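Asker: Residue numbers (my numbering): -10 to 224.
The beta-carbon is built from N, C-alpha and C at its ideal position, and this holds for glycine as well.
Fair warning: this is a prediction, and the values are worked out from it, not measured in the lab.
Can you read through this structure? Questions will come right after.
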């Protein structure tokens, strides 16, 4: 009976260590930290993507407006050229004025066209950036989804393991004498019973004398290590 009591205590000790490990892992919630990191990254990418899309929309509006202005100025250039080279203007002062206006209008057209091409390059760059950010969004979303799935699966597994260990603990408690169980619980996680391994106390390593081992093998009484005071169990 004493042997079974001590074996149950040893199993209970191991069970409590496993419970402590599982509870610690549940409390650490490393997966939650990882999910939070992915969420922060996703928010950052989403904000950058939204801003880039907005910039692209504004640029396209500017391009449309500039395109209209270029068309209007081009039409104006043609009108001035036709008027200047038609030979219908006999007044030399008016001709000089027309030439100056044509030159000024052509310069304006060149500036608008130059700006238009710059806007086109910017648009190409923004389109590429939007595409790149879209891909990054998809990758981050996939990582976040995977992280949440892994977290749920791991938590479910840990909670299942905790329940199994707790059920096992309850069964072991029923096998142990009330007084011995009280003494164990007072240890608050510290081992009450330790094995004798190769003739030594597995807690402190001190050699257990032969007479003590002979007594332990009878399982008639609780014997303690002379050095550390742990209850000894010989198997």
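Along the chain, where does the alpha helix (DSSP H) that runs through residue 202 open and close?
Answerer: Note, residue 202: alpha helix (DSSP H), 199 to 207.
Asker: Cutting at 6 Å between CB atoms, please list the residues of its own chain near residue 150, excluding the five before and the five after it.
Answerer: These residues qualify, in order along the chain: 11.
Asker: Could you name the residues of the same chain whose beta carbon sits closer than 8 Å to that of residue 45, not counting the 5 residues immediately before and after it, in chain order?
Answerer: Hits under 8 Å: 112, 115, 116, 119.
Asker: Could you tell me how far apart the beta carbons of residue 90 and residue 62 are, in whole angstroms, since I believe they sit closer than 8 Å?
Answerer: Wrong, their Cβ atoms sit about 12 Å apart, outside the cutoff.
Asker: Between which two residues does the beta strand (DSSP E) carrying residue 183 extend?
Answerer: Unbroken beta strand (DSSP E) run through residue 183: 182 to 186.
Asker: What three-state label does DSSP hand residue 190 in the structure shown?
Answerer: If DSSP states are grouped into helix, strand and coil, residue 190 belongs with the strands.
Asker: Using DSSP bridges, identify the partner residues of residue 220.
Answerer: DSSP output for residue 220 lists 182, 213 as bridge partner(s).
Asker: Mind checking residue 121: buried by the 16 CB within 10 Å criterion, or exposed?
Answerer: So residue 121 ends up on the exposed side.
Asker: Using only CA atoms, which one of 153, 74, 30 lies nearest to residue 130?
Answerer: Cα-wise, what sits closest to residue 130 is 30.
Asker: Does the segment 102 to 111 come close enough to the segment 12 to 21 to have 3 or more Cβ pairs within less than 8 Å?
Answerer: Segments in contact, no.
Asker: Give me the Cα-Cα distance between residue -3 and residue 191, rounded to the nearest whole angstrom.
Answerer: Roughly 17 Å separates the two Cα atoms.
Asker: In three-state DSSP terms, what is residue 151?
Answerer: Three-state DSSP puts residue 151 in a helix.
Asker: Nearest to residue 123 by alpha carbon, out of 5, 209, 41?
Answerer: Comparing Cα-Cα distances from residue 123 to each of 5, 209, 41, the minimum goes to 41.
Asker: Of the choices 133, 169, 152, whose alpha-carbon is the least far from that of residue -1?
Answerer: The shortest Cα separation from residue -1 among 133, 169, 152 belongs to 169.
Asker: DSSP on residue 196, reduced to helix/strand/coil?
Answerer: Strand, per DSSP.
Asker: In the DSSP assignment, find the alpha helix (DSSP H) that holds residue 53 and state where it starts and stops.
Answerer: 19 to 74 is the extent of the alpha helix (DSSP H) around residue 53.
Asker: Count Cβ pairs between the segment 2 to 10 and the segment 153 to 160 that sit closer than 8 Å; are there 3 or more?
Answerer: Cβ pair count under 8 Å is three or more, so yes.
Asker: With 16 as the cutoff for other CB atoms within 10 Å, does residue 173 come out buried or exposed?
Answerer: By the neighbour-count rule (16 or more Cβ atoms within 10 Å), residue 173 is buried.
Asker: Just reading off the alpha helix (DSSP H) that residue 168 is part of, what are its end residues?
Answerer: First-last of the alpha helix (DSSP H) with residue 168: 167 to 175.
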